[in-house]
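Quick note, the sequences are listed as chains A and B, same order. The C-terminal position of the first sequence is numbered 252 in numbering that gives the first Met the number 0, with every residue numbered one higher than the one before it. The C-terminal position of the second sequence is numbered 262 in numbering that gives the first Met the number 0, with every residue numbered one higher than the one before it. Think of the CB as a built atom: it goes at the ideal place given N, C-alpha and C, for glycine as much as any other residue. Only a predicted model underlies this, so the values are computations on that prediction, with no experimental measurement involved. Report on the structure given below.
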Amino acid sequence: MKQATFVYRYPALLLFFVLILAWQGICVIFKVNEFIFPSPWQIIQSLIEFHSVILKHAWATFWTTMIGFLISIIVGVFFGFVIGSSRIAYDAFYPLMTAFNALPKAAFVPILVVWFGIGAGPAILTAFLISFFPIMVNIATGLATLEPELEDVLRVLGASRKDILFKIGLPRCLPYFFASLKVAITLAFVGTTVSEMNASNQGIGYLLVSAGSAMRMPLAFAGLAVIGVMAMLMYELFSAIEKNTTAWAHRKS
Amino acid sequence: MSVPFIEFEHVSHAYGEHPNNGVFAIEDINLKIDKGSFIAIVGPSGCGKSTFMKLTTGLQKSTQGRILVDSKPVLGPLSFSGMAFQAPTLLPWRTTLDNVLLPLEIVEPYRSQFSRQKNVFIERALKLLDSVGLGGYEKKFPWQLSGGMQQRASLCRALIHQPKMLLLDEPFGALDAFTKEELWNILRDLWSDQHFNVIMVTHDLREAVYLADVVYVMSKGPGRIVHQRNIDLPRPRELNLTYEPAFTRIVQELRTYIGAVRG
């Protein structure tokens with residue numbers, strides 16, 4: 000009985016442990032070489048052994064990602080508003096934005112390096128470029144799908160466009176906004192890491208490349224695990240904020 | 000003879016880019032409505048009732064003729080009118096109380112007093128909610144209320160800024176018969192307390208006859224007023240009245256006009 004409630008409360012945690020155990024089991028049983036595919040235990044050992052180095056690089060990746068993410072919130076919300084509140088802007092911007100979003104962002108890194116040099120600059124911008132699109136699209140969708148009936152409620156009172164935006168448009172967008180943050184934050188980590196792998200001497204991306212070239216596979220896997228944990232924590236943070244601010248949109252009947 | 004509060008003078012409206020090709024949604028509407036009276040407009044669907052409503056609220060400008068309210072032509076939305084729609088259209092992120100307070104955040108002079116006088120306004124909203132039987136529900140969100148309760152809250156929202164004119168667009172159309180009759184009485188009481196003007200558009204002849212002073216029957220394509228019936232049944236009216244012959248006769252009489260316009 001007690002076990003059953005644990006399963007329902009922490010299904011992710013349980014699945015995680017099952018997978019780790021299976022992984023460890025496979026590595027032990029088949030005696031997989033750690034240079035090919037390290038076991039969880041070996042990864043944990045290198046996490047402990049290199050914790051100060053990993054922490055340093057993780058911090059670099061974290062703040063770079065956060066700055067890029069912040070920029071993409073600002074830019075994404077702004078363009079989302081522009082596109083969502085005007086039909087003509089929607090028709091003008093949307094196809095171009097989609098085309099832009101289809102470009103592989105990793106291909107931008109060498110260009111950004113030419114413009115901004117090696118280091119945090121390209122990483123921040125790659126994180127931004129890769130993550131602003133979902134935010135923009137969601138805000139635009141939230142505004143463009145505003146029920147005209149709700150607008151009429153305010154319009155019959157003589158409300159201005161600004162009133163309608165602040166009293167209805169904005170609150171109506173919030174669930175869309177938070178949903179997009181959860182997608183965008185994971186993308187932002189991808190952007191930062193890709194950029195660091197190509198053009199940086201700090202960050203988890205750099206750690207991955209140097210660990211790989213030194214054949215330290217457990218360390219490389221440890222780096223990956225750290226990114227996963229950071230992205231998951233941020234995701235959970237936005238999830239919690241979402242639950243507390245837009246409960247009305249997530250009600251259960 | 001006093002000056003009418005609301006006046007329609009040869010009002011016609013057509014949609015589209017060429018308003019003068021003769022296809023009108025409503026055509027040549029002439030009305031004179033006394034201050035404080037309750038009028039109902041009935042007609043088959045597609046007779047231009049919604050157009051009529053949009054013109055009265057000032058959301059749309061008529062292609063021909065003019066509408067005067069309080070002797071002034073209607074050029075845009077009027078802050079002294081309140082409106083309730085067929086759907087309750089409450090904002091799901093606001094509590095019932097905050098939904099009712101919404102017009103006060105928009106309409107002057109309340110808007111500029113809102114932060115200072117908030118407690119006074121809340122007091123007023125609670126009183127209004129209480130009068131429609133929603134006392135104690137002010138902290139609930141719309142989706143926690145039944146359809147009838149949402150519609151009551153919507154009525155409160157339409158009345159919170161003490162409008163001189165209440166516009167109702169099939170307000171009880173989506174409710175079951177019992178809830179509907181309950182809300183008729185709530186509307187009747189609110190109106191007899193405050194005596195604002197009411198223009199109600201409805202499909203329901205009994206509703207129109209029970210509540211209104213004057214019922215207008217509209218025809219379909221183009222929407223025209225084909226009949227005007229003064230309802231001289233004594234007030235206050237109780238639901239029993241709706242089963243009496245005098246009441247039924249009027250309903251039947253109006254029904255023949257609807258039948259006639261349907262062909």
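- Query: Leaving out the 5 sequence neighbours to the left and right, which residues in its chain are closer than 8 angstroms to A/I117 when beta-carbon positions are compared?
  - Reply: Excluding residues up to 5 positions away in sequence, A198, S199, N200 lie with their Cβ nearer than 8 angstroms to the Cβ of A/I117 in the same chain.
Under three-state DSSP, which class holds B/P235? Coil, per DSSP.
Problem set entry | the stretch 74-107 of chain A: positions lying closer than 8 angstroms to chain B by Cβ | Listed by position, the residues of the stretch 74-107 of chain A near chain B (Cβ gap below 8 angstroms) amount to none.
Helix, strand or coil at B/I159 [DSSP, three-state] | Coil at B/I159, not helix or strand.
Determine the DSSP secondary structure at B/K126, reduced to helix, strand or coil.
Three-state result, B/K126: helix.
Closer than 7 angstroms by C-beta to A/P121: which residues in its own chain qualify, once you throw out the five before and the five after it? Chain order, please.
Only V108, L111, V112, F115, S194, A198 meet the Cβ criterion.
**Prompt:** Among all the DSSP beta bridges, which residues are the ones paired with B/T201?
**Reply:** Secondary-structure assignment with DSSP links B/T201 through a beta bridge to B/V41.
**Message:** On the DSSP bridge list, what partners appear for B/K31?
**Reply:** Answer is B/E6, bridged to B/K31.
With a threshold of 8 angstroms between beta carbons, is A/R215 in contact with chain B? Using beta-carbon distances, A/R215 does not count as an interface residue toward chain B, since no partner is under 8 angstroms.
Query raised in the report: Is the CB-CB distance between B/A245 and B/L167 below 8 angstroms?
Result: No, these two residues do not count as a Cβ contact at 8 angstroms.
*asked:* If the criterion is Cβ atoms closer than 8 angstroms, does the pair B/L77 and B/G57 meet it?
replied: Remark: C-beta atoms of B/L77 and B/G57 approach each other more closely than 8 angstroms.
Those residues which DSSP pairs with A/Y205 across a bridge:
Partner residues in a beta bridge of A/Y205, as assigned by DSSP, do not exist.
Are the C-beta of B/W183 and some C-beta of chain A separated by less than 8 angstroms?
Chain A, which has no Cβ nearer than 8 angstroms to the Cβ of B/W183, makes this no.
| To the nearest angstrom, how far is it from the Cα of B/C46 to the Cα of B/Q161? | Cα atoms of B/C46 and B/Q161: separation of roughly 30 angstroms, rounded to the nearest angstrom.
Practice prompt. Quick one: list the residues of chain A neighbouring B/P76, beta-carbon separation under 7 angstroms, in chain order.
Written response: The contacting residues are R154, V155, L156, G157.
Residues in its own chain within less than 8 angstroms of B/K139 by CB, not counting five upstream and five downstream?
T94, T95, listed in sequence order.
Query raised in the report: In chain order, what residues of the same chain lie with their CB nearer than 7 angstroms to the CB of B/I32, ignoring the 5 residues before and after it?
Result: Counting only Cβ-Cβ distances below 7 angstroms, and skipping sequence neighbours, we find P3, F4, I5, I38, N196.
Exercise for the section: Could you tell me whether the stretch 142-162 of chain B touches the stretch 102-113 of chain B, using the rule of 3 or more Cβ pairs below 8 angstroms? Expected result: When C-beta atoms of the stretch 142-162 of chain B are compared with those of the stretch 102-113 of chain B, three or more pairs fall below 8 angstroms, so the two segments count as touching.
Q. Would you call the CB atoms of A/P133 and A/T245 closer than 8 angstroms?
A. Against a cut-off of 8 angstroms, the Cβ pair of A/T245 and A/P133 comes out as no contact.
Margin query: Output needed for B/K34: all residues of its chain with C-beta closer than 6 angstroms, excluding positions within five of it in sequence on either side, in chain order.
Written below: Excluding positions up to five away in sequence, the list reads F4.
Could you give the distance in angstroms between the alpha-carbon of A/L46 and the alpha-carbon of A/L12?
-> Using only the alpha carbons, I get a separation of about 20 angstroms.
**Q.** B/M82 (DSSP reduced to helix, strand or coil)
**A.** Note: B/M82 maps to strand in three-state DSSP.
*asked:* Which runs of the alpha helix (DSSP H) at least 4 residues long sit entirely within the stretch 32-111 of chain A? Give them in chain order.
replied: List check, alpha helix (DSSP H) in window: 39-48, 50-84, 86-101.
(Q) Quick check: A/T185 and A/A230, are their CB atoms within less than 8 angstroms of each other? (A) Yes, the Cβ-Cβ distance between A/T185 and A/A230 is below 8 angstroms.
B/D257 and B/I230: beta carbons closer than 8 angstroms? The sequence shown places Ile at residue 257 of chain B, rather than the Asp named in the question. No.
Quiz prompt | CB of B/V200 within 8 angstroms of CB of B/M52, strictly | solution = In this structure, the beta-carbon distance from B/V200 to B/M52 falls below 8 angstroms.
Span of the beta strand (DSSP E) holding B/G217? The sequence shown places Met at residue 217 of chain B, not Gly. Following the DSSP letters along the chain, one finds B/M217 inside the beta strand (DSSP E) bounded by residues 213-217.
Euclidean distance between Cα positions of A/K161 and B/Q59: Counting only the Cα atoms, B/Q59 lies some 20 angstroms from A/K161.
On the DSSP bridge list, what partners appear for B/L167? DSSP, once it has assigned bridges, lists B/A83, B/M199 as partnering B/L167.
Just the Cα atoms here: how many angstroms apart are B/Q251 and B/I198? Roughly 22 angstroms between the two C-alpha positions.
Identify which residue in A/A224, A/G222, A/P103, A/P170 has its Cα closest to the Cα of A/W247. Nearest option by C-alpha distance: A/P170.
Next item on the list: For B/A13, collect the residues of the same chain with a Cβ closer than 7 angstroms to its Cβ; drop the 5 residues on either side in sequence, then sort them by chain order.
Entry: Within the same chain, Cβ atoms closer than 7 angstroms to the Cβ of B/A13 are found at V22, F23, A24, T62, the five residues on either side in sequence being excluded.
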